[in-house]
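Asker: In our numbering, the protein residues as written are 342 to 805.
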Amino acid sequence: MPAAERVAALALATLLLGGCSLAPAYQVPSVTMPMAYEQVEAAVATAPMAPAWWQAFDDPVLDQLQQQLEQANPTLALAVAHYDAARAAAGEVASARAPQVGFNTGPVRQRQSDDKPLRSATQPAIYDSNTATFSLSFDLDLWGRLRNAAAAGRARADASGDDLAAARLSLSQQLAGLYLQLRGAEAQQLILRESIEDYQQALALTEDRFRGEIASELDVSRARHQLASAQADLDALDARHDLLRHAIAELVGRPASGFTVATEGLPALPTVPADLPSNLLQRRPDIAAAERRVFAANAGIGVARAAWFPQLSLTGLLGGQTSGGSALLDAGNRYWALGPLAALPVFDGGRRKAAKAGAEAEFDAASAQYRATVLAAIRQVEDQLTLLRQLDAQRGHEQEAVQAAQRAEQIAHDRYTGGAVSYLDVVSAQTDARQAQLGLQDIQSRQLQASAALMAALGGGWSR
Numbered sequence: 342m343p344a345a346e347r348v349a350a351l352a353l354a355t356l357l358l359g360g361c362s363l364a365p366a367y368q369v370p371s372v373t374m375p376m377a378y379e380q381v382e383a384a385v386a387t388a389p390m391a392p393a394w395w396q397a398f399d400d401p402v403l404d405q406l407q408q409q410l411e412q413a414n415p416t417l418a419l420a421v422a423h424y425d426a427a428r429a430a431a432g433e434v435a436s437a438r439a440p441q442v443g444f445n446t447g448p449v450r451q452r453q454s455d456d457k458p459l460r461s462a463t464q465p466a467i468y469d470s471n472t473a474t475f476s477l478s479f480d481l482d483l484w485g486r487l488r489n490a491a492a493a494g495r496a497r498a499d500a501s502g503d504d505l506a507a508a509r510l511s512l513s514q515q516l517a518g519l520y521l522q523l524r525g526a527e528a529q530q531l532i533l534r535e536s537i538e539d540y541q542q543a544l545a546l547t548e549d550r551f552r553g554e555i556a557s558e559l560d561v562s563r564a565r566h567q568l569a570s571a572q573a574d575l576d577a578l579d580a581r582h583d584l585l586r587h588a589i590a591e592l593v594g595r596p597a598s599g600f601t602v603a604t605e606g607l608p609a610l611p612t613v614p615a616d617l618p619s620n621l622l623q624r625r626p627d628i629a630a631a632e633r634r635v636f637a638a639n640a641g642i643g644v645a646r647a648a649w650f651p652q653l654s655l656t657g658l659l660g661g662q663t664s665g666g667s668a669l670l671d672a673g674n675r676y677w678a679l680g681p682l683a684a685l686p687v688f689d690g691g692r693r694k695a696a697k698a699g700a701e702a703e704f705d706a707a708s709a710q711y712r713a714t715v716l717a718a719i720r721q722v723e724d725q726l727t728l729l730r731q732l733d734a735q736r737g738h739e740q741e742a743v744q745a746a747q748r749a750e751q752i753a754h755d756r757y758t759g760g761a762v763s764y765l766d767v768v769s770a771q772t773d774a775r776q777a778q779l780g781l782q783d784i785q786s787r788q789l790q791a792s793a794a795l796m797a798a799l800g801g802g803w804s805r
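1) Do residue 622 and residue 800 count as a contact pair if the criterion is CB distance below 8 Å?
2) Tell me whether the beta-carbon of residue 644 lies closer than 8 Å to the beta-carbon of residue 414.
3) Express the C-alpha separation of residue 481 and residue 493 in angstroms, rounding to a whole number.
4) By the DSSP assignment, the alpha helix (DSSP H) with residue 681 in it spans what residues?
5) Suppose the cutoff is 6 Å on Cβ atoms and the five residues either side in sequence are ignored; what does the same chain contact list for residue 563 look like?
6) Straight-line CA distance for residue 794 to residue 725?
7) How would you call residue 436, buried or exposed, if buried means at least 16 neighbouring beta carbons within 10 angstroms?
8) Is it buried or exposed for residue 677, if we count other Cβ within 10 angstroms and need 16 for buried?
9) Under 8 Å by Cβ, that's how I've got residue 732 and residue 788 pegged, so tell me the actual separation to the nearest angstrom.
10) What is the DSSP secondary structure of residue 843, reduced to helix, strand or coil?
11) Nearest-angstrom Cα distance between residue 529 and residue 779?
12) Would you give the residue range spanned by the alpha helix (DSSP H) that residue 737 belongs to?
13) Spatial neighbours of residue 503 within its chain, please: C-beta separation below 6 Å, excluding the five flanking residues on both sides.
14) Buried or exposed: residue 465, going by 16 or more other Cβ atoms within 10 Å of its Cβ?
15) So, using beta-carbon positions, are residue 417 and residue 520 closer together than 8 Å?
16) Considering only their Cβ atoms, is the gap separating residue 507 from residue 428 smaller than 8 Å?
17) With distances taken Cα to Cα, identify the nearest neighbour of residue 606 among 468, 671, 524.
18) Return the chain-ordered list of same chain residues with a C-beta closer than 7 Å to the C-beta of residue 509, the five sequence neighbours on each side being excluded.
19) As a quick exercise: from 412, 469, 543, pick the residue whose alpha carbon is nearest that of residue 755.
20) Identify whether residue 646 lies in helix, strand or coil by the three-state DSSP scheme.
21) For the alpha helix (DSSP H) that residue 654 lies in, which residues bound it at each end?
22) Is DSSP giving residue 446 helix, strand or coil here?
23) Buried or exposed: where does residue 467 fall if 16 or more other Cβ atoms within 10 Å of its Cβ makes it buried?
24) Alpha carbon to alpha carbon, what distance is there between residue 610 and residue 792?
25) Roughly how many angstroms lie between the CA atoms of residue 370 and residue 591, to the nearest whole one?
26) When the Cα atoms are used, what is the spatial distance from residue 469 to residue 680?
27) Between 661, 522, 655, 647, which has its C-alpha nearest residue 475's C-alpha?
28) Tell me, please, which residues DSSP counts as bridged to residue 476.
29) Compare the beta carbon distance of residue 638 and residue 704 with 8 Å and say whether it is the shorter of the two.
30) Taking its Cβ as the centre, do 16 or more other Cβ atoms sit within 10 Å of residue 750, making it buried, or is it exposed?
31) Which residues in the same chain as residue 813 place their Cβ atom closer than 8 Å to its Cβ, once the five residues preceding and following it in sequence are excluded?
32) For residue 798, is the classification buried or exposed, using 16 other Cβ atoms within 10 angstroms of its Cβ as the cut-off for buried?
33) To which residues of the same chain is residue 361 closer than 8 Å at the C-beta, ignoring the five residues directly before and after it?
34) Would residue 700 be called buried (16 or more neighbouring beta carbons within 10 Å of its own) or exposed?
35) Please report the straight-line C-alpha distance between residue 735 and residue 366, rounded to a whole angstrom.
36) Measuring only the C-alpha atoms, how far is residue 364 from residue 697?
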């Protein structure tokens, strides 16, 4: 075969082998998904969510806090830095596929040994040696080692980007949850303050009746106890409000001291669409990150398998060398080298075998983690849907309890004023009414928090 044909055949074979990959055919790990969620049939349909899912609460203060979180939260900044580092690492790995070009120069003055082997009598002991060399190397990557390493690096960088999105989603949910708890605490504070005003009036009335010898000292003591108890509950609620405010300050990157949240009423409860397909979970960044890590582990198997085959590269050198006086690039001073290099370890004590087993184990672990992440996501959605459904029923019953307790309170107060019952009946009715109101408000607050948790569990709302 003529030399030209041999070169062409070699080039063709190289190109064909260059498309070879020893990584297994990739498939996303199988997880049985529900067609839809079992708790959505009682929900009410609504318009799709906005990209900023918390805007479903239509609360400008919450929206402003979320923007502050995006700009100043240190945990989010840390996730951004990790993502940048992962992208840089992926670029570093991918660079190995490109030709590597270098330049070396070395103006050296040196002395050789008098007893140097093969030294002639005319050679000087001290001389100059000036060199300048351009080098070129290119790994042919016949078995896909570099391609799979680069693909794994890109997948890990993508996973880091999904980690960043997951951190952003988690932090925004934490902020929304704390904010909704804060608004719930403020609503309960209002209930207690109104109750304290009523108890103060009731105490004044009881003291007047006591001075008129219509009420007993026991009635006065009960009225005072009821007022002090409500004030103590308000003190505890004030402390809880401050702790929630401090937690919000930390999330938005502000010192807790002096941080305030503008006053706003309790947000309206968003309505959940009547049909929530399970494919909404595909948007969850933690699931996407887990899938990318499975892909990276699969590519890692290809890298480990390629280590069993010869590594072939092309290398070239071009430079000049002089003993000091003449020009480096003169024809007589130039040197060059060009040719292929092949390398294949023959015995490595089981290193390649262990590396392959490790890569396969990493793939199994990543696949298991992916399935666990998907199943956890399904459970989280079902949990919040169940909670919302039960809280809706509980809210209806609690509203009936509030109406009944308020009616009983009015009757007890009227009958006490008329002298028909003791103040104990009034205290009992007022306590029941206050607890029913606080219970109803707590349910409303929990509904809002469950809605925020559901939106986060779906990857940020329910828009398709």
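Glycine is no exception: its CB is placed at the ideal position from the N, C-alpha and C atoms.
Answerer: Taking the structure as given:
1) yes
2) no
3) 19 Å
4) Per DSSP, residue 681 belongs to no alpha helix (DSSP H); it is in the beta strand (DSSP E), 675-684.
5) 764, 768
6) 7 Å
7) exposed
8) exposed
9) 5 Å
10) The structure shown does not extend to residue 843, since the chain is modelled only from 342 to 805, so the question has no answer here.
11) 6 Å
12) 692-758
13) 626, 629, 630
14) exposed
15) no
16) no
17) 524
18) 417
19) 543
20) helix
21) Residue 654 -> not in any alpha helix (DSSP H); beta strand (DSSP E) instead, spanning 652-663.
22) strand
23) exposed
24) 8 Å
25) 38 Å
26) 29 Å
27) 661
28) 443, 658
29) yes
30) buried
31) Outside the shown range of the chain (342 to 805) lies residue 813, about which nothing can therefore be said.
32) buried
33) 483, 484, 485
34) buried
35) 51 Å
36) 11 Å
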